[in-house]
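Order-wise, the sequence lines are chains A and B.
By the working numbering, the letter at position 48 of the first sequence is numbered 48, and the numbering carries on one by one without gaps.
One rule links them: number in the working numbering = place in the second sequence (from 1) + 1000.
All remarks here apply to the structure that follows.
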Amino acid sequence: MTILAILIPVSLGLGLLGLCAFVWALRHGQYQDLEGDAARILFTERDPDG
Amino acid sequence: MRDLEDNPPFSPCCGGGAASALASQAAERWARPSEGRRKRVDLLLPGISCAGCIGSIERGLAQEPGIEFVRVNLSLRRASVEFNPDVSSVSRIIEALEALGYDAKPFDANAMAGVDRDAQGRDLLARLGVAGFAAMNVMLLSVSVWSGAEDATRDFLHWVSALIALPAIAYSGMPFFRSAIGSLRAGRLNMDVPISLAVCLAAGSSLYETMLSGEHAYFDAGISLLFFLLVGRYLDHRTRAVARSSAAELTALSARSATVIAADGSRAAIPAEELSPGALVEVAAGERIPADGVVEVGRSDVDRSLVTGESRPEVVEEGAEVHAGMLNLSGVLRVRARATGEATLLAEIARMVTAAEHGKTRYDRWADQAARIYAPLVHLIAAIAFFGWYLATGDVRLSLSVATALLIITCPCALGLAVPAVHAAAGGKLFRTGVLLKDAGALERLATVDTVVFDKTGTLTDGQPVLNNAPRIDDPAWPIAMALAGSSRHPLARALSEAAAAHSISPAEITEVIEHPGLGIEGRAGDLTARLGSAAWTGAEPTEETAVFLRVGDGTPLAFTFGEVLRMDSPETCSALCGLGLKVVLLSGDGSGPVARLARAAGIPKALSTQTPTDKLAHIRALERDGHRVLMVGDGINDAPALAAASASMSPVAAADVSRAAADLVFTGARLSPVTFAIRTAQTARRRALQNFALAAVYNALAIPLALAGLVTPLVAALAMSGSSIIVTLNAIRGWPTDQRAPLESKDTSQ
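Next up, the structure:
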């Protein structure tokens, strides 16, 4: 059962990583234009100054 | 601003060079400094709807000189543009967008920032994320416990669960705890009280069990309960936030500028709301008069339909009184703004709106109505369960567990989640069809209306005059009239030349054309003087209908009469409304002739004409007193008090500011069908909410006796509660009725 002492922190750490990623995305405006981002995937990349 | 001189006109309706330069100057004030020398402007783009629009705007604008950065936000229908002020300007950007086929309006992003940032929504979302994370992990740990962990292992798993769940509950449950404490302080019981009690009891008793190495801990129940309730809370917030943002956007859109002439004759464009009494304002043909006042110089026709509902233009001269919101049609006017404050028409209307809002009985939202009965009941049953079990067994732990299970199982998910989910789905549906919901509660009020009251000009009609009596095509006067009309931008002249063009008439040869503002147009056809204009000017008998007269030489004047046309689907919409069992009434400020004719054309049996704002308000009040629930649809300043007094109200997006502010819903597009669609959506929402209440009632009727009998552990309670939450949510979001009238089309014409 000592394996639990490793597995539980590991699984919690992974979960926390996901939570941190979510909070990061929330703080950096990743959810501000969901429709637009879904549409932009259809465009081909151009030069930034194009 | 040195590039203004060579700018083409800002918009086709803003008159000559000076007016357009001033209009551009007004547009420039939206630019804000950005990095370095750059400036930044935020634009509303109501017409964009698809991926293609993003591409064509971003690519098209990037090719313009001086544009440094363009980013379109499709969800909010906005664009943010950074440009070099030495090379480009706001008006150039707007022109470039117009050339690409998009109507753009600059707005003050700073004023919208509070609404946009939506701090509360992000806070709720973060709490939701934490609750979700904790619920997943604790659930998995519970799986291990329930699959047979024993002794030290079970204690260890319980402690790990406690370690995750307790901080998560403390953080995620904060909105509920705060609201519950606030409500208790005020001596009331709201839904957050049983929620907080259930969560705290579950957490507290689980911690107690864990410390005593007990068999069962219910951290999972507490945290998953919070997770589901936060989903509901967030959806509810979202609906309100979208409503608030639409309202703020409409305010930002309506910002108008006024051209003030200083004592030294110099002109300046300032926001209309900053206009001080006594200022001299110049109003070009095609502009709306920005403030109440008296005409000091000039002569013109004004369209008062937005103010009084009358469709016939009125001639104004020096000394005539004009009101904010009137449209100047033919000549340039200089208006001395009168003392603002109490005496103005707008102030009078605003007072009536406020009074009407006060007079309206406060509407109780469904969830609040239910909560008032539900919350005390739940506490009572839980208390009975606790004391009943304690008296029967003398076991505090067991009694507490039963009471906790009861609180969790009766948790008001139908109220906390299902109604917000229904509202969010309905609001989203309306938004996609071009109907902006300004107040989430309006959906509930709209569902129960039984009478629809329409205004005429601008609501049932599209506000444009149309030639009624196209004379015989071979009439020799017809080409002369067309030639004269073609040189004017007066709406009646425009309607005349359009009608002539539709009959494939070619204009006659006319020379020396002069437009006399407020009178008409004069020219020479061969040897004869031809006049097209008002009755008095051409020596004709005045008619009751809106008309212009043509006199060639000394001949008898020929009348061209005009009427309004209904929006293309007004008759259909009225009959659809009757089909829904609603009573349809027309209240108009216009004269009885045009009103009766339009009511017949639209198929409205009851029509009242020459209604003042007070009459309209009194009529709505009388209907409401008789127990009717009224939906008022109107656009004019004269409709504003009636809009505020009705149970629910709608305005087209082109309505006067004060009316749009008073209306609950605002619809875009050239059609009237959004009215029917909004009512049907609201009725569906009401049905769904009632179904969800029924589902919740059935579930509680089954679950409460089981919980009272002690057959439900808090874990089972949490699972059952989650299951019911998912069912009511699915019921809320399953297929909604759609507007058969191609929603895309209404978006295209929403400018």
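C-beta atoms are modelled at their ideal positions from N, C-alpha and C, and glycine is treated no differently.
Quick caveat, the model's predicted, so the values are computed rather than measured.
Distance, residue j Cα to residue i Cα
{"i": "B:V1283", "j": "B:L1306", "result": "17 Å"}
{"i": "B:D1475", "j": "B:W1537", "result": "22 Å"}
{"i": "B:L1189", "j": "B:I1054", "result": "50 Å"}
{"i": "B:L1417", "j": "B:L1377", "result": "19 Å"}
{"i": "B:I1620", "j": "B:A1268", "result": "43 Å"}
{"i": "B:A1696", "j": "B:E1068", "result": "56 Å"}
{"i": "B:A1031", "j": "B:R1038", "result": "10 Å"}
{"i": "B:G1341", "j": "B:V1041", "result": "At B:G1341 the pLDDT is 49, less than 50, meaning the model places this residue with poor confidence and gives no usable figure here."}
{"i": "B:F1010", "j": "B:R1489", "result": "With a pLDDT of 33 at B:F1010, under the threshold of 50, the modelled position of this residue cannot be trusted; read the value that follows with caution. For B:F1010 and B:R1489, the distance between alpha carbons rounds to 16 Å."}
{"i": "B:L1125", "j": "B:F1228", "result": "12 Å"}
{"i": "B:S1497", "j": "B:L1550", "result": "13 Å"}
{"i": "B:L1732", "j": "B:I1373", "result": "It is Ala, not Leu, that sits at residue 1732 of chain B in the sequence shown. Cα to Cα, the separation comes out at about 23 Å."}
{"i": "B:P1008", "j": "B:T1259", "result": "Note that B:P1008 scores a pLDDT of 35, beneath 50, so its modelled location is shaky; the value from the coordinates is reported in the next line. Between B:P1008 and B:T1259, the C-alpha separation is close to 19 Å."}
{"i": "B:E1371", "j": "B:L1690", "result": "In the sequence on display, residue 1371 of chain B carries Ala and not Glu. Their backbone Cα atoms lie some 14 Å apart in a straight line."}
{"i": "B:A1021", "j": "B:A1535", "result": "Unreliable positioning characterises B:A1021 in this predicted model, as indicated by a pLDDT of 48, which lies under 50. A coordinate reading is not provided."}
{"i": "A:A38", "j": "B:A1119", "result": "24 Å"}
{"i": "A:G15", "j": "A:I41", "result": "28 Å"}
{"i": "B:L1442", "j": "B:G1427", "result": "Correcting the residue type first, residue 1442 of chain B is Ala in the shown sequence and not Leu. The straight-line gap from Cα to Cα measures roughly 11 Å."}
{"i": "B:T1393", "j": "B:I1727", "result": "36 Å"}
{"i": "B:V1281", "j": "B:E1035", "result": "36 Å"}
{"i": "B:A1596", "j": "B:D1639", "result": "19 Å"}
{"i": "B:S1504", "j": "B:V1552", "result": "21 Å"}
{"i": "B:A1279", "j": "B:T1433", "result": "42 Å"}
{"i": "B:E1310", "j": "B:E1348", "result": "19 Å"}
{"i": "B:A1203", "j": "B:P1194", "result": "14 Å"}
{"i": "B:V1716", "j": "B:I1408", "result": "10 Å"}
Contact check, residue i vs residue j, beta carbons under 8 Å
{"i": "B:L1558", "j": "B:V1513", "result": "no"}
{"i": "B:G1325", "j": "B:A1656", "result": "yes"}
{"i": "B:A1096", "j": "B:E1064", "result": "yes"}
{"i": "B:T1676", "j": "B:T1573", "result": "yes"}
{"i": "B:L1577", "j": "B:V1584", "result": "yes"}
{"i": "B:A1403", "j": "B:L1719", "result": "no"}
{"i": "B:A1493", "j": "B:I1521", "result": "yes"}
{"i": "B:I1181", "j": "B:A1134", "result": "no"}
{"i": "B:S1330", "j": "B:S1300", "result": "yes"}
{"i": "B:R1092", "j": "B:S1080", "result": "no"}
{"i": "B:S1651", "j": "B:V1666", "result": "yes"}
{"i": "B:V1302", "j": "B:E1317", "result": "no"}
{"i": "B:V1335", "j": "B:E1296", "result": "yes"}
{"i": "B:R1351", "j": "B:A1648", "result": "no"}
{"i": "B:A1424", "j": "B:L1235", "result": "yes"}
{"i": "B:R1127", "j": "B:S1172", "result": "yes"}
{"i": "B:S1196", "j": "B:F1219", "result": "no"}
{"i": "B:A1337", "j": "B:P1271", "result": "no"}
{"i": "B:A1186", "j": "B:L1225", "result": "no"}
{"i": "B:L1708", "j": "B:A1375", "result": "no"}
Supposed close pair residue i, residue j - CB separation, criterion 8 Å
{"i": "B:V1087", "j": "B:G1066", "result": "3 Å"}
{"i": "B:R1078", "j": "B:L1100", "result": "That pair is no contact at about 16 Å."}
{"i": "B:P1479", "j": "B:P1517", "result": "Wrong, their Cβ atoms sit about 24 Å apart, outside the cutoff."}
{"i": "B:L1672", "j": "B:S1659", "result": "Not quite, the Cβ-Cβ distance comes to about 16 Å (not below 8 Å), so this is no contact."}
{"i": "B:G1591", "j": "B:T1612", "result": "Contact doesn't hold; Cβ gap of about 13 Å is too wide."}
{"i": "B:R1688", "j": "B:V1422", "result": "5 Å"}
{"i": "B:T1461", "j": "B:L1598", "result": "7 Å"}
{"i": "B:P1571", "j": "B:A1601", "result": "7 Å"}
Pick from the options that is closest to residue i, judged by C-alpha positions
{"i": "B:E1222", "options": "B:V1297, B:V1193, B:I1381 and B:A1168", "result": "Here the sequence assigns Gly to residue 1222 of chain B, which means Glu is not the residue at that position. The candidate whose alpha carbon is nearest that of B:G1222 is B:A1168."}
{"i": "B:F1431", "options": "B:A1162, B:R1734, B:S1179 and B:T1681", "result": "B:T1681"}
{"i": "B:S1213", "options": "B:A1203, B:L1608, B:L1380 and B:L1157", "result": "B:L1157"}
{"i": "B:E1321", "options": "B:A1291, B:W1736 and B:I1349", "result": "B:A1291"}
{"i": "B:E1150", "options": "B:R1597, B:H1216, B:G1593 and B:E1545", "result": "B:H1216"}
{"i": "B:P1491", "options": "B:A1525, B:I1381, B:P1594 and B:A1285", "result": "B:A1285"}
{"i": "B:L1730", "options": "B:I1349, B:P1420, B:I1384 and B:R1240", "result": "B:P1420"}
{"i": "B:L1400", "options": "B:W1389, B:I1261 and B:T1543", "result": "B:W1389"}
{"i": "B:L1398", "options": "B:T1713, B:V1160, B:S1224 and B:T1210", "result": "B:T1713"}
{"i": "B:S1724", "options": "B:S1089, B:M1191, B:G1298 and B:T1410", "result": "B:T1410"}
Amino acids of chain D, ordered along the chain, whose beta-carbon sits closer than 8 Å to that of residue i
{"i": "B:M1136", "result": "As a matter of chain content, chain D is missing from the structure shown, whose protein chains are A and B."}
Proximity test, residue i beta-carbon vs the ligand HEM heavy atom, cut-off 7 Å
{"i": "B:G1441", "result": "Looking for the ligand HEM in the displayed structure turns up nothing, as the structure carries no ligands at all."}
How do the stretch 1688–1706 of chain B and the stretch 1461–1468 of chain B stand: do at least 3 beta-carbon pairs fall below 8 Å, yes or no? Too few Cβ pairs lie closer than 8 Å, so no.
Per the contact definition of three or more C-beta pairs closer than 8 Å, is the stretch 1631–1646 of chain B in contact with the stretch 1454–1463 of chain B? yes
Would you call the stretch 1234–1249 of chain B in contact with the stretch 1431–1441 of chain B, where contact means no fewer than 3 C-beta pairs closer than 8 Å? yes
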